[in-house]
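Residue numbers (our numbering): 14 to 574.
Here a beta-carbon is modelled for each residue, glycine too, at the ideal position from N, C-alpha and C.
As the structure is a prediction and not an experimental result, all values here were calculated from the model.
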Amino acid sequence: MKALLLVMALALFTVACGGAQTPAASGPDTSKGPKRGGVLLTHNVQSAANTDPQMGQASHSIWPIISEYILRIDPVTWEVLPGVAEKWEYSADGKTLTLTLRKGVKFFNKAPANGREVEARDVVYTLKGMTGQLYPDLPPVRFPRRSSVEQMVDAAAVDKSTVKITLSEPSSSFLMGLAEYRGAMVIPEGLREHFGDLQSLAAPHVDRYVAAGPFIMTKFTDLVEVEYERNPDYWEKDKPYLDKVRGVWIPDPATAIAAFISDQIHSISLTKPEDRDFILSQRPDTKVTAFPGGGNWIHIHFNLQKKPWDDVRVRRAIGLALDPGEVGETLIGRGKKQHGELEGKPLWKYPSPIPWFYPEALPQEELAKMPLFETPKSQRTISEARRLLADAGFANGFEFELLGVVFSALGGTSDNVIMAKSQIERTLPGMKVNVKIVEQPVWQRTVTEGKHDVSYYGYIHESSGVAMMKTPYHSKGGRNFARYNNPRVDKLLDDAARELDPAKRKALLYEAQRISLEDLAYLPTIHQYGQNGDLPYVQGMRYGAIGGAPGTWYKEVWLNK
14 MKALLLVMAL ALFTVACGGA QTPAASGPDT SKGPKRGGVL LTHNVQSAAN TDPQMGQASH
74 SIWPIISEYI LRIDPVTWEV LPGVAEKWEY SADGKTLTLT LRKGVKFFNK APANGREVEA
134 RDVVYTLKGM TGQLYPDLPP VRFPRRSSVE QMVDAAAVDK STVKITLSEP SSSFLMGLAE
194 YRGAMVIPEG LREHFGDLQS LAAPHVDRYV AAGPFIMTKF TDLVEVEYER NPDYWEKDKP
254 YLDKVRGVWI PDPATAIAAF ISDQIHSISL TKPEDRDFIL SQRPDTKVTA FPGGGNWIHI
314 HFNLQKKPWD DVRVRRAIGL ALDPGEVGET LIGRGKKQHG ELEGKPLWKY PSPIPWFYPE
374 ALPQEELAKM PLFETPKSQR TISEARRLLA DAGFANGFEF ELLGVVFSAL GGTSDNVIMA
434 KSQIERTLPG MKVNVKIVEQ PVWQRTVTEG KHDVSYYGYI HESSGVAMMK TPYHSKGGRN
494 FARYNNPRVD KLLDDAAREL DPAKRKALLY EAQRISLEDL AYLPTIHQYG QNGDLPYVQG
554 MRYGAIGGAP GTWYKEVWLN K
């Protein structure tokens with residue numbers, strides 16, 4: 014099967030390079046509204062990473078397509094919307110939240126749920142799985158979404174349709190945490206235990222994907238293909254519109270582009286300017302959507318448990334050697350094919366511990382003045398980087414390993430890592446950077462066990478600015494793989510989480526960001542606009558910085574053909 018897919022893909026690429034016929038630029042008529050039927054063709058089937066819905070780093074790859082969430086977030090407006098919970102109400106002191114569940118939401122007809130309705134006990138199981146309360150002997154890094162709902166002291170089923178959540182304190186972002194699309198997908202009580210142990214949901218198995226969403230997984234072959242069929246018992250009776258969603262593994266970027274041009278896949282991520290421009294030269298009718306965020310907060314993190322990374326002078330020298338503008342213009346480029354505010358402008362932003370589109374992010378003007386993000390680097394900044402390295406005892410440099418990751422054909426940090434290597438070795442004499450690119454499962458195991466030196470990675474955005482920063486920077490954060498521990502930052506983040514006044518919360522997070530950029534356990538390197546291309550007859554796709562991962566809103570998609 015793998016060989017057959019590769020032959021087909023290479024054939025597609027040959028057709029594309031030989032000059033595919035260019036279709037008319039006019040789009041289809043959408044005036045009649047959504048149509049039922051059809052198969053959405055996607056690519057990049059998840060490799061065998063940990064896809065556990067509450068404990069896995071790769072939970073966003075499959076579960077959003079098949080799941081129903083406690084709540085939902087509109088990916089464009091960030092409005093909190095009903096999900097399995099159709100109503101919610103806080104107590105006067107803000108420490109008790111009562112959820113009323115929707116009637117008629119049913120799990121798939123698979124063991125152990127066997128088609129029964131979603132009940133309060135399932136929501137409790139989901140929430141306690143997110144926070145780690147079900148498994149108190151495991152460390153916090155095993156629960157990467159815990160920062161979204163960490164104020165939860167307890168959750169209890171009052172009756173079949175009512176959940177009472179007790180909070181340690183009022184929270185500014187808890188509701189958005191209940192819509193976290195990588196953790197708040199409702200699963201049946203005891204699902205892990207039914208299949209044997211705590212790791213039972215880590216590896217993909219068709220029979221173990223038991224949820225209550227619009228599509229049911231019917232076929233999965235790792236690194237080959239996946240297929241989902243319309244759920245006939247989905248609670249929104251007119252949805253989903255599609256009959257099926259089918260994906261094939263296409264590991265080569267050029268082959269994925271050729272497949273899109275030839276209508277073999279319907280949607281594609283446009284991460285590189287040359288890829289975007291080539292696709293539009295072959296398919297000028299492609300609908301290009303640019304949106305804030307691009308899906309990832311790209312950063313370098315240093316393993317503070319290893320020398321010399323425990324020395325802030327070394328970390329800062331590396332930071333000053335990197336040039337975000339060179340990365341942005343080379344790897345992301347400008348909106349040459351955009352219209353409106355992005356036309357001809359950079360599709361990247363200066364980075365911060367909180368991405369620029371959150372209201373609590375440090376202003377772009379402030380970041381641009383920092384030597385850390387100077388572009389191009391001045392001789393003064395380069396001299397300071399070299400001085401810091403010499404003061405730390407490394408005037409002649411040293412050798413280290415820079416770990417990167419590849420997720421799929423058009424996603425990963427491989428190009429970023431290679432450019433970082435070039436910038437460091439060019440700016441700091443004697444430095445030798447050994448690049449190691451691995452797939453996501455290997456990366457996750459390596460950094461979780463603390464066996465790495467330095468890692469280049471991208472985190473998908475959290476549901477709020479508070480959660481976005483707490484996840485890596487808090488000492489108990491669910492993805493604090495740098496092992497960063499600054500009590501002052503911890504307190505600022507904890508105070509921000511309970512602060513309901515937006516202005517005061519922003520001030521707290523501003524201070525936390527400034528301190529963390531001095532400590533530099535994490536070095537944000539670039540932030541970009543996301544760009545996706547859809548064939549003209551694909552309707553209803555929704556893209557956004559949060560709550561808009563591929564698959565999360567497939568129930569709204571329809572094909573006008």
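Task: Spatial distance of TRP566 from TYR241 (CA atoms) - done: 14 Å
Task: Contact belief for LEU375 with TYR469 at Cβ below 8 Å, rounded distance in angstroms - done: Contact flag wrong, Cβ pair sits at about 22 Å.
- [ ] Determine which residues share a DSSP beta bridge with VAL258 and list them.
- [x] LEU53, TYR241
TODO: Would you kindly work out how many angstroms separate the C-alpha atoms of ASP220 and SER365, rounded to a whole number?
DONE: 41 Å
Open item on the list: On the DSSP bridge list, what partners appear for GLY471?
Closed with: DSSP, once it has assigned bridges, lists ILE311 as partnering GLY471.
Open item on the list: Between the alpha carbons of THR538 and ARG134, how many angstroms are there, rounded?
Closed with: Whole-angstrom Cα-Cα distance: 42 Å.
Open item on the list: For PHE156 and ASP466, what's the separation of their Cα atoms in angstroms?
Closed with: 22 Å
Task: Extent of the continuous beta strand (DSSP E) to which ASP404 belongs - done: It is not in any beta strand (DSSP E) - ASP404 instead sits in the alpha helix (DSSP H) that spans 392 to 404.
Task: Nearest candidate by alpha-carbon position, reference GLN295, set ILE274, THR284, HIS314, TRP310 - done: Minimum Cα distance to GLN295 is reached at ILE274.
Open item on the list: Which runs of the alpha helix (DSSP H) at least 4 residues long sit entirely within the region 288 to 363? Give them in chain order.
Closed with: 325 to 334, 337 to 340
Task: Terminal residues of the beta strand (DSSP E) in which TYR535 lies - done: Where TYR535 is concerned, the enclosing beta strand (DSSP E) stretches over 535 to 541.
- [ ] Compute the Euclidean distance between the alpha carbons of THR64 and THR231, then round it to the nearest angstrom.
- [x] Their Cα atoms are separated by approximately 17 Å.
Task: Close Cβ partners of THR43 (< 8 Å) along its chain, the five nearest in sequence each way excluded - done: Note that THR43 has pLDDT 49, beneath the 50 cutoff, so the model's placement of it is unreliable and no number is given.
- [ ] Pick helix, strand or coil for LEU522, following the three-state DSSP scheme.
- [x] helix
TODO: Starting from the C-beta of ASP404, find all residues in its chain whose C-beta is less than 8 Å away, skip the five residues before and the five after it, and write them out in chain order.
DONE: ARG326
Task: Assigned secondary structure, LYS252 (DSSP; H/G/I helix, E/B strand, else coil) - done: coil
Task: Exposed unless 16 or more other CB atoms sit within 10 angstroms - verdict on ALA272 - done: buried
- [ ] With DSSP as the reference, label LYS489 as helix, strand or coil.
- [x] LYS489 sits in coil when the DSSP states are folded into three classes, being neither helix nor strand.
Task: Nearest candidate by alpha-carbon position, reference VAL479, set LEU147, GLY471, LEU112, ARG518 - done: ARG518
TODO: Starting from the C-beta of LEU147, find all residues in its chain whose C-beta is less than 8 Å away, skip the five residues before and the five after it, and write them out in chain order.
DONE: TYR138, LYS141
- [ ] Give the DSSP bridge partners of LYS449, in chain order.
- [x] LEU416
Open item on the list: What would DSSP say about LYS483, mapped onto helix, strand or coil?
Closed with: helix
Open item on the list: Going by DSSP in three states, ALA197 sits in which element: helix, strand or coil?
Closed with: Coil, per DSSP.
Task: Beta-carbon proximity list for MET432, same chain, < 8 Å, skipping 5 on both sides - done: Its chain contains GLU339, VAL340, THR343, LEU344 as the residues whose beta carbon lies nearer than 8 Å to that of MET432, once the 5 sequence neighbours on both sides are disregarded; these appear in chain order.
Task: Contact set for ALA422: own chain, Cβ-Cβ below 8 Å, skip 5 residues either direction - done: Model confidence at ALA422 stands at a pLDDT of 42, short of 50, so the residue's coordinates are unreliable; what they give is reported in the following sentence. Only HIS56, ASN57, ILE263, PRO264, ASP265, PRO266, THR268, ALA269 meet the Cβ criterion.
Open item on the list: Taking only three categories from DSSP, how would you classify GLN34?
Closed with: Low confidence applies here, because GLN34 scores a pLDDT of 32, under 50, leaving its location unreliable; read the following figure in that light. If DSSP states are grouped into helix, strand and coil, GLN34 belongs with coil.
Task: From VAL261, GLU379, ASP172, residue whose alpha carbon lies closest to that of GLU238 - done: With distances taken between Cα atoms, GLU238 lies closest to VAL261.
Open item on the list: What does the alpha-carbon distance come out to for the pair ASN447 and LEU416?
Closed with: C-alpha of ASN447 to C-alpha of LEU416: approximately 8 Å in a straight line.
Task: Segment contact flag, the region 84 to 100 with the region 112 to 121, C-beta cutoff 8 Å, min 3 pairs - done: yes
- [ ] Classify GLN212 as buried or exposed, calling it buried when 16 or more other Cβ atoms lie within 10 Å of its own Cβ.
- [x] For GLN212, the number of other beta carbons within 10 angstroms of its own is below 16, and it is reported as exposed.
Task: Three-pair Cβ contact test at 8 Å for the region 407 to 415 versus the region 437 to 454 - done: yes
TODO: Check whether the Cβ atoms of SER160 and THR484 lie closer than 8 Å to each other.
DONE: yes
Open item on the list: Within 10 Å of its beta-carbon, does ARG129 have 16 or more other beta-carbons around it, so buried, or fewer, so exposed?
Closed with: exposed
Task: Residue closest to VAL419, alpha-carbon to alpha-carbon, out of TYR222, GLU387, GLY471, LEU402 - done: GLY471
Open item on the list: If I measure Cβ to Cβ from LEU385 and keep anything under 7 Å in the same chain, skipping five residues before and after, which residues do I get?
Closed with: GLY332, LEU333, LEU530
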